[in-house]
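For reference, the structure is listed below as structure tokens.
Protein chains: 2
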Amino acid sequence: MPDSLHRFKAEVFQALAHPTRIAIVELLRDGPVSAGKLIEQLGIEQANASQHLSVLRAKQIVLNRKEGNQVLYSLRDPILSEVLDIMRRYFQAHISGTLAALGEIEKAETVGR
Amino acid sequence: MPDSLHRFKAEVFQALAHPTRIAIVELLRDGPVSAGKLIEQLGIEQANASQHLSVLRAKQIVLNRKEGNQVLYSLRDPILSEVLDIMRRYFQAHISGTLAALGEIEKAETVGR
DNA sequence: TTTGTCTATTCTTATATTCGAATATACTAT
DNA sequence: ATAGTATATTCGAATATAAGAATAGACAAA
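So the sequence lines, in the order shown, correspond to chains D and P. Each residue of the first sequence is one higher than the one before, counting from 24 in the working numbering. Each residue of the second sequence is one higher than the one before, counting from 24 in the working numbering.
Below, the structure is given as structure tokens:
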């Protein structure tokens, strides 16, 4: 039954399908970071960050351990950094088209008009 | 502003964050396939498949071209297959844990109880 | 033109996600 | 104990996504 594989992958993608959560994964790339530091870097509400961390925890993207007063988060598997690296290449290969598709650009389209 | 990059990546992940759409991408791995063939392989409602294809089109994951009566879909960039390959490795590395996390297993947890 | 086949869109309903605000819990220090 | 700091959870409102049913459009064959 291949669909449980698909479901699993879909859940991982779903967990990564938010700008804040991608930012979190990238911040964890070089080693564990405390929740507080993450919140500071992200510049968002504490509760909101905590919710996103909760999503990543639920899908086992990140691990957390208490360190005295605070909670250290880390990437469970660096393989996920690889995925983001590939996404970076993908992005670079398609910048113009994808930015346009995302509605980030309306200029340069009207050059020939 | 790094956040537009994050937004872009998040949108791609979002597009892939559904079992049916993952299945579609995998079916397109070895070359273009018609919408009809896809629907047949997926075994879902025609309308539903078409909606998922629409999502993939909107995010530029797939390309489509009319071929007489039908519409041929293809992967825009095979790099996405790579991503799925990596996901497969990720999955294999964490099967038991992730299945448990996805609630697919309750057995073997009660061994020591 | 009419009919049949293939594909896309729209509509509705059900469910999920996201956010901020408020609250709760855990640990440290006094 | 009490107070302070760090983190998590709960709640409610707004928005997004998913599915089937029904409909529409595009092309091919007669």
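Idealized CB from N, CA, C, for every residue including glycine.
Taking its Cβ as the centre, do 16 or more other Cβ atoms sit within 10 Å of Ile44(P), making it buried, or is it exposed? As written in the sequence, residue 44(P) is Arg, which differs from the Ile given in the question. It counts as buried.
So, helix, strand or coil for Lys32(D), using DSSP? Helix at Lys32(D).
Contact check, Tyr113(P) vs Asp100(D) under 8 Å by CB: the rounded distance? Their Cβ separation, rounded to whole angstroms, is 6 Å, which keeps Tyr113(P) and Asp100(D) in contact under 8 Å.
Listed by chain order, chain D residues near Ile45(P) by CB distance under 8 Å: Proximity of chain D to Ile45(P) at the Cβ level (cut-off 8 Å) is accounted for by His29, Lys32, Ala33, Phe36, in chain order.
On the criterion of 16 or more Cβ atoms from any shown chain inside 10 Å, does His41(D) qualify as buried, or is it exposed? Buried, since its Cβ has 16 or more Cβ neighbours within 10 Å.
Measure from the alpha carbon of Lys32(D) to the alpha carbon of each residue in Gln83(D), Gly59(D), Gln74(D), then state which is nearest. Nearest of Gln83(D), Gly59(D), Gln74(D) to Lys32(D), Cα basis: Gln83(D).
9 Å Cβ cut-off: residues of chain D touching Asp53(P): Simply none; closest approach about 15 Å.
When the cut-off is 7 Å and only beta carbons count, does Ala4(D) lie next to chain P? The requested residue 4(D) is not part of the displayed model; chain D covers only 24 to 136.
Exposed unless 16 or more other CB atoms sit within 10 angstroms - verdict on Ile118(D): With fewer than 16 other Cβ atoms within 10 Å, it is exposed.
Would Gly59(P) and Gln93(P) be called neighbours here (beta carbons separated by less than 7 Å)? Yes.
Have a look at Ala116(P), Val85(P), Arg111(P) and flag the residue whose alpha-carbon is nearest the alpha-carbon of Val35(P). If we check each option's Cα against that of Val35(P), Val85(P) comes out closest.
Partners in chain P for Gln64(D), counting only beta-carbon separations shorter than 9 Å: What Gln64(D) touches in chain P: nothing, since even the nearest Cβ is about 11 Å away.
Cβ pair Leu107(D), Pro55(D) closer than 7 Å: With contacts defined by Cβ atoms closer than 7 Å, Leu107(D) and Pro55(D) do not form a contacting pair.
Is any beta-carbon of chain D found at less than 7 Å from that of Glu68(P)? So no, Glu68(P) is outside the interface.
Nearest-angstrom Cα separation, counted from Arg30(P) out to Gly66(D): So the two alpha carbons sit approximately 16 Å from each other.
Sub-7 Å separation of Ile109(D) and Glu63(P) beta-carbons: Cβ atoms of Ile109(D) and Glu63(P): not closer than 7 Å.
Sub-7 Å separation of Leu61(D) and Leu50(D) beta-carbons: In this structure, Leu61(D) sits near Leu50(D), with a CB-CB distance shorter than 7 Å.
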